[in-house]
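One structure is given below, encoded as structure tokens.
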Amino acid sequence: MRIILLGPPGSGKGTQAQRLIERYGIVQLSTGEMLRAAVAAGTPVGLRAKEIMASGGLVPDDVVVGIIADRIEQPDAKKGFILDGFPRTVPQAEALDELLKHRHLKLDGVIELRVNESALLDRVETRVAQMRERGEEVRVDDTPEVLTKRLASYRSQTEPLIHYYSERRKLSTVDGMMTIEEVTRAIHRLLLALGAIEPKTHAKAAQAKTSAKPAAKAAPARRAGEKAPKKAKKPAKAAKKASKTAKKAPKGTKKAAKKTAKRTVKKTAKKTAKKGPKKAPKKVTKKRAKR
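Here the working numbering runs 20 ahead of the position in the sequence shown, where the first position is 1.
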């Protein structure tokens with residue numbers, strides 16, 4: 021599973037991303053964390069990013085894409101990943117498409133958590149007021165003023181991105197104003213529809229196939245039992261030989277031979293009726309009718 025979660029600050033991206041990580045065993049790729057990890061590891065891309073950040077400049081898209089390229093090659097990203105904080109612009113989205121194409125990977129989808137911005141502001145104002153009443157410290161970046169600026173930045177950067185993925189039929193939208201559980205269920209349904217995860221019915225079908233295997237093995241035993249009628253044919257052959265012997269005997273002894281043959285046939289028929297299947301006597305009867 022390889023997806024992008026889009027949504028403004030306060031839309032619940034972090035909560036839903038964590039739930040996806042725990043449920044499907046995928047990793048969350050945050051550009052900020054990846055940059056810091058690359059710098060700490062001293063990779064070629066990380067060293068370049070370190071120089072740029074030290075001079076106060078913004079890390080260019082090609083450097084960020086290089087860091088993502090290194091990260092998705094790591095073993096824990098093989099099952100899939102959620103991109104967080106990237107892409108933010110259309111050029112970054114285009115660069116990401118090229119990267120995935122070069123790695124022969126597919127982006128399963130882009131899920132947008134759409135929210136009512138005025139409702140978000142009301143939530144923040146209520147939360148800040150309650151924290152101040154309790155005497156708790158309010159984070160500098162968790163105020164209505166900061167949120168308003170972040171929402172404006174999100175709109176200017178993300179609206180073109182939404183259009184970009186919508187044109188490529190990659191965008192799906194979930195109502196982020198629902199409860200956390202409802203949003204989680206909606207995302208799960210979308211992932212099923214996109215083919216990003218395997219439905220449970222596949223697992224049930226696999227279990228059904230496994231349980232059906234013992235029944236298939238029992239078939240040869242039934243076939244083995246069907247060989248019994250073949251053995252029943254032996255008495256019929258003995259009767260046929262007796263009748264042939266009677267025909268070949270001299271004229272003087274033909275009558276006696278015929279009587280002997282008839283007795284043999286009768287005895288054989290009785291034995292077959294007792295021991296063998298019902299089909300065997302029928303075959304003997306037909307042969308007698310021919311004679």
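All residues carry an ideal CB built from backbone N, CA and C; glycine is no exception.
Following the DSSP letters along the chain, one finds residue 59 inside the alpha helix (DSSP H) bounded by residues 51-61. The Cβ neighbour count for residue 121, taken over all protein chains shown within 10 Å, is under 16; the residue is labelled exposed. Closest option to residue 141, judged by alpha-carbon separation, among 123, 172 and 101: 172. DSSP, reduced to helix, strand and coil, places residue 94 outside both helices and strands of the structure shown, so it counts as coil. Assigned with DSSP and collapsed to three states, residue 85 falls in helix. Just measuring C-alpha positions, the residue of 29, 23, 22 and 25 sitting nearest residue 139 is 29. Residue range 22-26 is occupied by the beta strand (DSSP E) that includes residue 24.
According to the DSSP secondary-structure assignment, residue 41 is paired through a beta bridge with no residue. Taking 8 Å as the cut-off, the Cβ atoms of residue 36 and residue 168 do not count as close.
Taking each of 82, 102 and 131 in turn and checking the Cα distance to residue 111, the smallest one comes out for 82. Counting only residues of its own chain and dropping the five nearest sequence neighbours on each side, residue 135 has a CB closer than 6 Å to the CB of 31, 196 and 197. Taken through DSSP and simplified to helix, strand or coil, residue 217 comes out as coil.
Sequence-distant partners of residue 145 (beyond 5 residues in either direction) whose C-beta falls short of 8 Å from its own C-beta, in its chain, are 164. Following the DSSP letters along the chain, one finds residue 166 inside the alpha helix (DSSP H) bounded by residues 164-187. In this structure, the CA atom of residue 210 is about 21 Å from the CA atom of residue 49.
Shown here, residue 104 sits in a strand according to DSSP, grouped into three states.
Excluding sequence positions up to five before and after residue 158, its CB lies within less than 6 Å of the CB of 148 and 151, all in the same chain and listed in chain order. Counting C-beta atoms within 10 angstroms of its own C-beta, residue 51 has 16 or more neighbours from the protein chains shown and is therefore classed as buried. Within its own chain, the residues whose Cβ lies closer than 8 Å to the Cβ of residue 127, once the five positions on either side in sequence are excluded, are 22, 23, 24, 116, 117, 120 and 190, listed in chain order.
Annotated three-state conformation of residue 132 is strand, per DSSP. Per the Cβ contact rule, the stretch 92-108 is not in contact with the stretch 68-75 (fewer than 3 Cβ pairs under 8 Å).
Across the structure, residue 105 and residue 213 are spaced so that their CA atoms are roughly 25 Å apart.
Between residue 109 and residue 177, the C-beta spacing is below 8 Å.
Annotation: the continuous beta strand (DSSP E) that includes residue 191 extends over 191-195. For residue 47, the secondary structure class from DSSP, reduced to helix, strand or coil, is strand. For residue 138, the enclosing alpha helix (DSSP H) starts and ends at 137-153. Here residue 68 carries a helix assignment [DSSP, helix/strand/coil].
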